[in-house]
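**Student:** Mapping of the sequence shown onto our numbering: position 17 corresponds to residue 22, and the numbering continues sequentially without gaps. We treat Cβ as the ideally placed atom computed from N, Cα and C, and that holds for glycine.
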Amino acid sequence: MGIGWIDASGQLHFEDRYAVGFTTPNKDSTTQDWFGLQGREENNWTAIQFKRALDTKDSMDYPILPGINILLFAYGLVDPNPDITYHESRRVTHRLPLWKA
Numbered sequence: 006m007g008i009g010w011i012d013a014s015g016q017l018h019f020e021d022r023y024a025v026g027f028t029t030p031n032k033d034s035t036t037q038d039w040f041g042l043q044g045r046e047e048n049n050w051t052a053i054q055f056k057r058a059l060d061t062k063d064s065m066d067y068p069i070l071p072g073i074n075i076l077l078f079a080y081g082l083v084d085p086n087p088d089i090t091y092h093e094s095r096r097v098t099h100r101l102p103l104w105k106a
């Protein structure tokens, strides 16, 4: 999973992490496969553009397959300092196709 935020100086931070079950996501120590490209905050909204390969070959990442994929979006109320905090009920899941074969 990718986790990102914009700090007080406007700098984008983006981390490759993984979680097993309902636990705090750990930093991925195998490979860095998620890349933050750009981001901004405006009027309490954060927008981050990122990329990663469809199949990273990393055991800590799920491949993005043709057809329906399940996406999870969650957010906290404060920037990590030094680590992320629990998002509580601020999460949404969507099932959608990300690409066609």
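If W39 sits next to F55, beta carbons under 8 Å apart, how far is it from one beta carbon to the other, in whole angstroms?
**Tutor:** Locating residue 39 in the sequence shown gives position 34, counting from the first residue. Locating residue 55 in the sequence shown gives position 50, counting from the first residue. Contact holds; Cβ gap of about 6 Å.
**Student:** Between V83 and Q16, what straight-line distance do the alpha-carbon atoms span, to the nearest angstrom?
**Tutor:** Translated into the one-based positions of the sequence shown, residue 83 becomes position 78. Translated into the one-based positions of the sequence shown, residue 16 becomes position 11. Answer to the nearest angstrom: the Cα atoms are 15 Å apart.
**Student:** Count the other CB atoms, across all protein chains shown, that sit within 10 Å of the CB of D21; report buried if there are 16 or more and exposed otherwise.
**Tutor:** Taking the sequence shown and counting its residues from 1, the one referred to as residue 21 is at position 16. Result: buried.
**Student:** What's the gap between the Cα of G44 and the Cα of S64?
**Tutor:** Residue numbering aside, residue 44 sits at position 39 when the sequence shown is read from its first letter. Residue numbering aside, residue 64 sits at position 59 when the sequence shown is read from its first letter. If I take the Cα positions, the gap works out to 27 Å.
**Student:** Output needed for I24: all residues of its chain with C-beta closer than 8 Å, excluding positions within five of it in sequence on either side, in chain order.
**Tutor:** Working through the sequence shown from its first residue, we reach residue 24 at position 19. According to the sequence shown, residue 24 is Ala rather than Ile. The answer, listed in chain order, is M6, P30 and N31.
**Student:** Between D88 and the rest of its own chain, which residues show a CB-CB distance below 8 Å, the 5 nearest in sequence each way excluded?
**Tutor:** Numbered from its first residue, the sequence shown carries residue 88 at position 83. Taken in chain order, the residues that qualify are T29.
**Student:** For a test of the three-state rule: what should DSSP assign to Y23, helix, strand or coil?
**Tutor:** Position 18 of the sequence shown, counted from the start, is the residue given in the question as residue 23. Note: Y23 maps to strand in three-state DSSP.
**Student:** Alpha carbon to alpha carbon, how far is R57 from E93? Give it in angstroms, no decimals.
**Tutor:** Indexing the sequence shown from 1 puts residue 93 at position 88. Indexing the sequence shown from 1 puts residue 57 at position 52. Looking at the two C-alpha atoms, the distance is approximately 26 Å.
**Student:** Exposed or buried, what is I73 when buried is set at 16 or more other beta-carbons lying within 10 Å of its beta-carbon?
**Tutor:** Reading the sequence shown from its first residue, position 68 is the one you call residue 73. Answer is exposed; the Cβ neighbour count stays below 16.
**Student:** What does DSSP give as the partner residues of Q43 in its beta bridges?
**Tutor:** By 1-based counting over the sequence shown, the position of residue 43 is 38. For Q43, which the question treats as bridged, DSSP gives the partners Q54.
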